[in-house]
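Participant:
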Ligand SMILES: NC(=O)c1ccc[n+]([C@@H]2O[C@H](COP(=O)([O-])OP(=O)(O)OC[C@H]3O[C@@H](n4cnc5c(N)ncnc54)[C@H](OP(=O)(O)O)[C@@H]3O)[C@@H](O)[C@H]2O)c1
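In the numbering used here, the protein residues as written are 4 to 376.
Structural data, given as structure tokens:
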């Protein structure tokens with residue numbers, strides 16, 4: 004866990020606050036030369052059939068009328084940051100700014116922006132311009148780091164509708180874990196059905212999405228069962244509220260163990276991050292009228308599920324694609340009410356991005372990996 008509000012304590016912050024007086028008199032579209040003229044940013048370039056990252060310098064972006072300029076302090080990493088480096092014939096990524104989740108401080112505000120002040124602590128949303136309502140496929144063309152430029156830079160300009168205030172209780176590092184993994188887990192656990200105290204929730208794994216899912220389900224009073232490849236990780240998630248753990252390496256037929264542990268009841272909710280290799284057991288694990296939340300594809304996204312496996316229990320399967328800004332705000336309210344803090348295994352400086360990605364790939368962590376800028 005990182006220090007709370009670490010960004011507030013740096014001398015850089017003090018300098019920045021002193022400089023904010025300059026902004027008060029400066030035209031909103033221009034960035035004061037006294038603050039910064041260039042920003043570091045991490046962009047992708049071709050490497051074989053896939054991509055590698057490189058650190059570049061670019062002008063600090065101008066702030067549009069409906070935008071805010073953010074000094075980024077922390078960037079949360081996701082499994083997706085590894086996928087972004089892989090070949091993808093449908094999505095050319097040369098020159099794209101990396102990463103999806105940033106937390107920082109608003110240092111300039113466009114003249115048509117209302118309700119956001121300089122000095123506000125914010126993160127971005129995962130999708131551009133999904134404020135509320137149902138998902139639509141068009142969103143997929145507007146995902147930070149994936150189909151739109153990402154956020155791994157000292158300065159980023161975002162539409163004011165694509166930022167979310169950081170609760171006072173959370174540090175920049177903690178907040179940087181929320182836009183993708185936090186909101187996804189929130190919708191996987193609380194998005195499709197009410198969880199009642201005593202309901203059984205099965206969570207697969209102990210990574211970013213799964214650790215949030217465990218925390219949210221436990222805070223709702225559920226009986227949480229976690230599967231993991233590691234006994235040590237299972238012990239750690241018990242400290243987050245998990246009631247029981249199953250080592251899926253030692254017990255590959257983990258769905259049978261879930262039925263044993265629950266005296267045949269099964270899981271009222273299953274959060275599936277495994278995909279192809281886990282979906283079949285996830286369906287077997289469901290209780291009558293249970294819900295399968297399809298989230299991840301760690302072993303592939305094109306798995307299949309048995310219609311009869313669902314039908315005979317009148318169960319349902321729903322998928323989650325992160326969520327809207329409104330979902331994010333609801334999650335933040337819950338986080339504050341339940342005094343939750345994201346679990347951060349390690350924080351790396353930007354200069355050690357390679358090391359951070361290697362740690363992510365090795366999977367030898369629970370919760371999240373974060374970069375500081
Ligand atoms: N649908 C969406 O909106 C959405 C959003 C974010 C992420 N995702 C997807 O969700 C998945 C998880 O993402 P993440 O960022 O949380 O990844 P992560 O932080 O890297 O965590 C992955 C963890 O999953 C566990 N795992 C791996 N294979 C497993 C298996 N066969 N059965 C059970 N657990 C397994 C491992 O836990 P142990 O080490 O404990 O075994 C691993 O640490 C990825 O496929 C990602 O692309 C989807």
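Heads up, the beta-carbon is just placed ideally off N, CA and C, and yes, glycines get one too.
For residue 201, which of 272, 322, 114 has the nearest alpha-carbon?
Facilitator: It is 272.
Participant: Terminal residues of the continuous beta strand (DSSP E) containing residue 321?
Facilitator: Residue 321 -> beta strand (DSSP E) spans 319-322.
Participant: CA-CA distance, residue 376 and residue 363?
Facilitator: Between residue 376 and residue 363, the C-alpha separation is close to 18 Å.
Participant: Going by DSSP, name the residue or residues bridged to residue 247.
Facilitator: BP columns for residue 247 point to 228.
Participant: With hydrogens ignored, establish whether the beta-carbon of residue 2 is closer than 7 Å to any heavy atom of ligand 1.
Facilitator: A query on residue 2 cannot be resolved here, the shown segment of the chain reaching from 4 to 376 and no further.
Participant: Specify, as a first and last residue, the run of the beta strand (DSSP E) that residue 346 falls within.
Facilitator: Looking at the DSSP string, residue 346 is not in any beta strand (DSSP E), and its letter there is neither H nor E.
Participant: Mind checking which residues open and close the beta strand (DSSP E) that includes residue 162?
Facilitator: Segment 158-162, the beta strand (DSSP E) holding residue 162.
Participant: In whole angstroms, what is the alpha-carbon distance linking residue 98 and residue 190?
Facilitator: So the alpha carbons of these two residues sit roughly 32 Å apart.
Participant: If I follow the unbroken beta strand (DSSP E) through residue 54, where does it start and stop?
Facilitator: 53-62 is the span of the beta strand (DSSP E), which, as asked, contains residue 54.
Participant: Could you give the DSSP three-state label for residue 338: helix, strand or coil?
Facilitator: It is helical.
Participant: Spatial neighbours of residue 6 within its chain, please: C-beta separation below 6 Å, excluding the five flanking residues on both sides.
Facilitator: Note that residue 6 scores a pLDDT of 36, beneath 50, so its modelled location is shaky and nothing firm can be said.
Participant: Compute the minimum distance between the beta carbon of residue 213 and the heavy atoms of ligand 1, and state whether it is under 7 Å.
Facilitator: Residue 213 Cβ: within cutoff of ligand 1.
Participant: Across the region 310-323 and the region 182-196, are there enough close Cβ pairs to call them in contact, namely three or more that are closer than 8 Å?
Facilitator: Contact between the region 310-323 and the region 182-196 is present, because at least three Cβ pairs lie under 8 Å.
Participant: Give me the residue from 319, 268, 219, 310 with the minimum Cα distance to residue 342.
Facilitator: Checking every option, the nearest Cα to that of residue 342 belongs to 219.
Participant: Does the Cβ of residue 44 have 16 or more other Cβ atoms within 10 Å, making it buried, or fewer, making it exposed?
Facilitator: Answer is buried; the Cβ neighbour count reaches 16.
Participant: In the DSSP output, which residue or residues are listed as bridge partners for residue 127?
Facilitator: Paired residues: 166.
Participant: In angstroms, rounded to a whole number, what distance separates the CA positions of residue 161 and residue 73?
Facilitator: If I take the Cα positions, the gap works out to 8 Å.
Participant: Find the nearest neighbour of residue 131 within the set 264, 144, 246, judged by alpha-carbon distance.
Facilitator: Out of 264, 144, 246, 144 has the C-alpha closest to the C-alpha of residue 131.
Participant: Between which two residues does the beta strand (DSSP E) carrying residue 360 extend?
Facilitator: Unbroken run through residue 360 is the alpha helix (DSSP H), 356-365; no beta strand (DSSP E).
Participant: In chain order, what residues of the same chain lie with their CB nearer than 6 Å to the CB of residue 214, ignoring the 5 residues before and after it?
Facilitator: So the qualifying residues of the chain are 346, 369, 370.
Participant: With distances taken between CB atoms, is the gap from residue 228 to residue 192 smaller than 8 Å?
Facilitator: Not in contact: residue 228 and residue 192 (Cβ atoms no closer than 8 Å).
Participant: Is there at least one non-hydrogen atom of ligand 1 closer than 7 Å to the beta-carbon of residue 158?
Facilitator: Outside the cutoff, so no.
Participant: In the DSSP assignment, find the unbroken alpha helix (DSSP H) run with residue 107 in it and report its ends.
Facilitator: First-last for residue 107: 104-112, but that is the beta strand (DSSP E), not the alpha helix (DSSP H).
Participant: Return the bridge partner residues of residue 374 from the DSSP annotation.
Facilitator: DSSP lists 78, 351 as partners of residue 374.
Participant: If you follow the beta strand (DSSP E) that residue 144 is part of, which residue opens it and which one closes it?
Facilitator: No beta strand (DSSP E) holds residue 144; DSSP gives it neither H nor E.
Participant: Who are residue 49's beta bridge partners in DSSP?
Facilitator: 54.
Participant: Whose C-beta lies closer than 6 Å to the C-beta of residue 335 among residues of the same chain, with five residues either side of it excluded?
Facilitator: Same-chain partners within the cutoff: 170.
Participant: Are there any heavy atoms of ligand 1 lying less than 7 Å away from the beta-carbon of residue 148, as far as the coordinates show?
Facilitator: Answer for residue 148: no, Cβ out of range of ligand 1.
Participant: Quick one: grab the DSSP three-state call for residue 66.
Facilitator: In the structure shown, residue 66 sits in coil (DSSP, three-state: anything other than H, G, I, E or B).
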